[in-house]
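Residue numbers (the working numbering), protein chains in the order written: chain A, 3 to 115; chain B, 505 to 616.
1. With a threshold of 7 Å between beta carbons, is residue 66 (chain A) in contact with chain B?
2. Along the chain, which unbroken stretches of the beta strand (DSSP E) at least 3 residues long are found entirely within the segment 517 to 553 of chain B?
3. Hey, residue 528 (chain B) and residue 507 (chain B) are a contact pair by Cβ (cut 8 Å); roughly how many whole angstroms apart?
4. Hey, out of B:600, B:525 and B:513, whose CA is closest to residue 592 (chain B)'s CA?
5. Going by the CB atoms, is the gap between residue 548 (chain B) and residue 106 (chain A) shorter than 7 Å?
6. Between the segment 530 to 550 of chain B and chain A, which residues of the former have a C-beta closer than 9 Å to a C-beta of the latter?
7. How would you label residue 569 (chain B), buried or exposed, when you count the other beta carbons within 10 angstroms and need 16 or more for buried?
8. Should residue 567 (chain B) and residue 560 (chain B) be called a contact, given that it needs their Cβ atoms to be closer than 7 Å?
9. By the 8 Å beta-carbon criterion, what residues does the segment 595 to 608 of chain B contribute toward chain A?
10. Please list, in chain order, the residues of the segment 41 to 71 of chain A that have any C-beta partner in chain B closer than 7 Å.
11. Please state the DSSP three-state secondary structure of residue 572 (chain B).
12. Indicate whether the contact test is met: 3 or more Cβ pairs, each with one atom in the segment 66 to 79 of chain A and one in the segment 23 to 41 of chain A, closer than 8 Å.
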């Protein structure tokens, strides 16, 4: 069974631009969560989607948004990029909303210059 | 708002058991303890989880104290490839579903 895939793997953007990251969950998994990882803050929860609905959201500004499609694929968008948005963005999928075993993708490394 | 405390780093000799402790003294009765590890900034890898009973799988064993205030992850025969950051996590229930609240983790260095 294929794992969680994320595209692109690396991205360089300029301050003020916006970016869209994509995540394809493991086949059959309906819950997708997004996390941001930085050296200073560690791994922080962004939001979780299930059946195309955002169920939970972490403490991030409204510039961070996401969506989930009917095939469970998910995208997250960051608008008006700031230097502090440079991070590894990780997507994790699990079978159901309770989110038992979450399986993580390799991440997208975003650099904002 | 991490609910767990782990030592920042540990060393282990190759072939020996690695015992990674975790304190979660404020854990609620229905909150699970999860362990993940992360190698070279790859995505975290699920290892094991438990509620109150000890658990074992092909990767590791999880020992949870009777009062559930602490736990220990045991890698029975550590190899160099087990060098990673190990996260002990409490799965926090939210209005819908759950989220994983990661702490700083323990850097495990397996040495030959």
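From the three backbone atoms N, C-alpha and C, an ideal C-beta is built for every residue, glycine too.
Note that the structure is predicted; figures quoted are calculated from it, not measured.
On the basis of the supplied data:
1. no
2. 522 to 527 and 537 to 542
3. 6 Å
4. Checked all of B:600, B:525 and B:513; the closest Cα to residue 592 (chain B) is B:525.
5. Yes.
6. For the segment 530 to 550 of chain B, which is checked against every Cβ of chain A, the residues closer than 9 Å are 536, 538, 540, 542, 545, 546, 547, 548, 549 and 550.
7. exposed
8. no
9. Taking 8 Å as the cut-off between beta carbons, the residues of the segment 595 to 608 of chain B near chain A are 595, 598, 599, 600, 601, 602, 603, 604, 605, 606, 607 and 608, in sequence order.
10. 44, 45, 47, 50, 52, 57 and 58
11. coil
12. Below 8 Å, enough C-beta pairs join the segment 66 to 79 of chain A and the segment 23 to 41 of chain A to call them touching: three or more.
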